[in-house]
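Residue numbers (the working numbering): 464 to 558.
What follows is the structure, encoded as structure tokens:
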């Protein structure tokens, strides 16, 4: 007798697929951009030290940028929520 695998909600699977596709798209874009910026010599299979350090710097720069954007996005949403709460508070008060 086979064990039953619990089913996941369809929307969860759909959201997971979309998120994974977005991740792969971002990964491919970063890889391509860093490769194009850093790799110049195709006469050898070996990765030169300057290519390695360039690609590491490129990735670090991208990670820091996405972290900053995420923080600013969170700050924006907090401000929007506070403004909505203040507006709702004003609307809910008797005159």
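We put the CB at the ideal spot given by N, CA and C, even for glycine.
Just so you know, these numbers come straight off a predicted model, no measurement behind them.
Practice task
Confirm, please, whether the CB-CB distance from residue 526 to residue 497 is below 8 angstroms.
Solution key: The answer is no: Cβ separation not under 8 angstroms.
Handout entry: Inter-residue spacing [alpha-carbon to alpha-carbon] between residue 537 and residue 545
Key = Rounded to the nearest angstrom, the two C-alpha atoms are 12 angstroms apart.
Handout entry: Separation of residue 551 from residue 518, as counted between CA atoms
Key = It is roughly 49 angstroms from the alpha-carbon of residue 518 to the alpha-carbon of residue 551.
Problem - Cβ-heavy atom distance, residue 532 to the ligand GDP, below 7 angstroms - result: For the structure depicted, the ligand GDP is absent and the ligand set is empty, with no information on it obtainable.
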